[in-house]
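Take a look at the structure below.
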Amino acid sequence: MAWLYLGIAGLFEVVWAIGLKYTNGFTRLWPSIWTLAGMVASIGFLAQALKTIPLGTGYAVWTGIGAVGTAILGIVLFGESKDPLRLAFILIIVAGIVGLRFSELQ
791 MAWLYLGIAG
801 LFEVVWAIGL
811 KYTNGFTRLW
821 PSIWTLAGMV
831 ASIGFLAQAL
841 KTIPLGTGYA
851 VWTGIGAVGT
861 AILGIVLFGE
871 SKDPLRLAFI
881 LIIVAGIVGL
891 RFSELQ
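My numbering applies: residue 791 is where the sequence shown begins, and numbers increase by one.
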């Protein structure tokens, strides 16, 4: 269950990171409310996951999910660069996340 919580926490991290773009420096009410709610949910799920997952692993996976998800949505929503080198490094982050997950199975 902890890994599910960690995955959900990572998804909420993507929500608030993308939400920051829409808040316009926290000057827009509803995007700001949704962004803050995403922050609270992300930290809440992370806290639940860290009850059993080691801190270093949990934090690295959480930020990795957030980084990959935000980078992908940046490409899709905001037309950010699809440079092959950039995509390769995003895949390296994904490999790190997968590697950390499998290292915890041992």
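We put the CB at the ideal spot given by N, CA and C, even for glycine. This structure is a prediction, so every number in the text was calculated from the model and none was measured.
For T842 versus A792, is the C-beta spacing smaller than 8 Å?
It is a contact, given that the beta carbons lie within the stated cut-off.
Starting from the C-beta of L895, find all residues in its chain whose C-beta is less than 7 Å away, skip the five residues before and the five after it, and write them out in chain order.
Same-chain partners within the cutoff: there are none.
Starting from M829, follow the alpha helix (DSSP H) in both directions and report where the run begins and ends.
That run of the alpha helix (DSSP H) goes L819 to A839.
Rounded to whole angstroms, what's the CA-CA distance from P821 to F879? Just pull it up for me.
Rounded to whole angstroms, P821 to F879 spans 30 Å at the Cα level.
So L840 and G848 are supposed to be a Cβ contact under 8 Å. How far apart are they, rounded?
That belief holds up - the Cβ atoms of L840 and G848 are roughly 5 Å apart, short of 8 Å.
To the nearest angstrom, how far is the alpha carbon of A799 from that of L877?
Approximately 23 Å between the Cα atoms of the pair.
Going straight from the alpha carbon of I882 to that of F802, what length do you get?
Rounded to the nearest angstrom, the two C-alpha atoms are 21 Å apart.
Have a look at G815 and I823 and give me their C-alpha separation to the nearest angstrom.
Looking at the two C-alpha atoms, the distance is approximately 12 Å.
What separation, rounded to the nearest whole angstrom, lies between the Cα atoms of S832 and Y795?
Their backbone Cα atoms lie some 9 Å apart in a straight line.
Okay, do the region 862-870 and the region 884-895 touch, 3+ Cβ pairs below 8 Å being the bar?
No, the region 862-870 does not touch the region 884-895.
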